[in-house]
Ligand SMILES: [Zn+2]
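See below:
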């Protein structure tokens with residue numbers, strides 16, 4: 241009877257104070273269950289998307305996002321809230337027009353690509369040269385595009401994982417540079433989207449050398465251009481009036497400090513900046529909400545994890561400045577970063593987790609599969625190959641990464657477009673993400689696992 245009473249006491253203690261009385265697996269399960277009913281993540285996304293709205297790096301709205309992040313992290317009880325400035329080149333969209341001038345006159349729906357050059361004030365006109373992939377464009381000989389406007393018209397496959405995006409994104413990112421090298425005066429790319437709606441989806445264009453004007457075209461317009469060009473010469477006129485300027489961006493972070501090994505850091509996060517169209521709700525308001533909420537749930541436990549959990553909110557992901565800035569500023573502590581992971585793939589169903597090499601077989605993480613099973617999240621035996629772009633430079637320095645894999649089937653219907661708005665966020669799916677993150681983070685942060693030793 242005494243034993244039964246003692247067990248009952250322990251059981252009630254587990255419910256009231258999970259971290260004090262429970263095993264790591266029980267605490268992880270309690271965090272999981274609490275996350276499923278926690279309104280915080282959706283409140284954060286709603287606040288960021290609607291009160292701050294679109295927030296490209298270098299804009300006044302990005303400074304408001306910085307202040308928003310500091311206020312939220314402080315309000316939620318995070319320790320060591322920090323703002324780290326770094327220098328970037330901002331890119332601001334101006335007037336944008338595109339039309340077919342021959343063989344018919346017709347307006348085109350476009351969005352300029354971030355980082356691309358403006359056209360001369362009066363615009364630019366040229367004959368279209370159509371390619372169907374980035375590889376086809378790069379196979380074109382030097383000088384073959386002189387005076388032309390290159391177009392890549394390649395549809396994006398709809399896939400649950402990142403394969404669809406990987407198959408086409410190089411065209412948007414590097415097509416303009418390659419077209420310019422071959423003499424093109426401008427570059428157009430079919431929007432990197434799984435949707436066929438008549439809207440354009442922006443994104444960054446990267447150049448190592450000379451820049452040319454570049455824009456994404458709505459899918460129906462890209463198909464029309466390609467179909468017309470198959471029958472004869474098609475001319476297009478473009479006006480892209482963008483501006484670049486030196487600017488400051490900020491990384492904002494806060495911590496749940498570790499109780500025993502505070503110098504060992506489990507770093508997670510999302511990016512605060514967004515494109516200028518839409519509200520930055522799915523990219524990446526949800527990543528901000530998921531990482532802050534998962535860490536906050538752990539911070540609310542009556543005891544702290546052994547290691548520190550740091551939430552890092554990056555300030556310039558879209559134009560790809562954050563990765564180098566953060567890695568440079570934190571190179572000294574990179575060897576003490578246990579693992580890093582960025583939430584930057586929307587918040588539809590999280591279906592799998594890929595751990596660093598050897599992690600799935602590690603004794604400390606054996607409870608993970610059972611804790612995640614009710615969420616329908618698989619723990620993969622194949623190691624994580626990447627996490628978000630913002631941790632990529634630290635990963636190159638040897639910091640282990642986790643890849644939380646969300647279902648991307650719908651994500652690219654809205655990504656980088658005016659459709660990236662709050663209504664696309666499903667609160668229940670968002671919380672399923674938070675639940676998986678919180679449980680996984682707890683098991684790692686409260687353990688002594690050393691992923692580097694497993695390699
Ligand atoms: Zn993003």
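Numbering (my numbering), first residue to last: 241 to 695.
Built from N, CA and C at the ideal position, the CB exists for glycine as well.
query	result
Beta-carbon gap between residue 492 and residue 306 smaller than 7 Å	yes
Residue 246 (DSSP reduced to helix, strand or coil)	The pLDDT assigned to residue 246 is 44, lower than 50, so where the model puts this residue is not dependable; a value taken from the coordinates is nonetheless given after this. Three-state DSSP puts residue 246 in a helix.
DSSP state of residue 328 mapped onto helix, strand, coil	strand
Through-space distance from residue 552 to residue 632, alpha-carbon basis	14 Å
Counterpart residues of residue 582 in DSSP-defined beta bridges	509
Cβ contact (3+ pairs, closer than 8 Å) linking the stretch 497-509 and the stretch 572-585	yes
Neighbour-count burial assignment, residue 537, 16 or more Cβ in a 10 Å radius	buried
Nearest residue (CA-CA) to residue 606, options 377, 350 and 683	683
Beta carbon of residue 473 nearer than 7 Å to that of residue 367	yes
Check: residue 622 C-beta below 6 Å from any heavy atom of ligand 3	This structure lacks ligand 3; its bound ligands are ligand 1.
Cβ-based burial, residue 623 [other Cβ within 10 Å; buried from 16]	buried
Cutoff 6 Å; reference residue 615; Cβ partners in own chain excluding five residues on either side	672, 675 and 676
Nearest residue (CA-CA) to residue 310, options 646, 599 and 554	554
Coil, strand or helix - residue 295 by DSSP	coil
Beta-carbon proximity of residue 458 to residue 349, cut-off 7 Å	yes
DSSP state of residue 419 mapped onto helix, strand, coil	helix
Residues near residue 654 by beta carbon distance below 7 Å, same chain, minus five either side	522, 660 and 664
Three-state secondary structure assigned by DSSP to residue 468	helix
Three-state class that DSSP yields for residue 649 in the structure shown	coil
Whole-angstrom distance between residue 546 and residue 687, CA atom to CA atom	7 Å
Simplified DSSP assignment, three categories, for residue 276	coil
Cβ pair count under 8 Å reaching 3, the stretch 527-534 against the stretch 563-577	no
Residue range of the unbroken beta strand (DSSP E) whose run includes residue 364	364-371
Spatial neighbours of residue 678 in its chain, beta-carbon cut-off 7 Å, leaving aside the 5 residues before and after	271, 272, 275, 534, 537 and 538
Run of the alpha helix (DSSP H) containing residue 374, from where it starts to where it stops	374-378
Residue 523 (DSSP reduced to helix, strand or coil)	helix
Outcome for residue 298 when other beta-carbon atoms lying within 10 angstroms are tallied against a minimum of 16	buried
Residues near residue 421 by beta carbon distance below 6 Å, same chain, minus five either side	none
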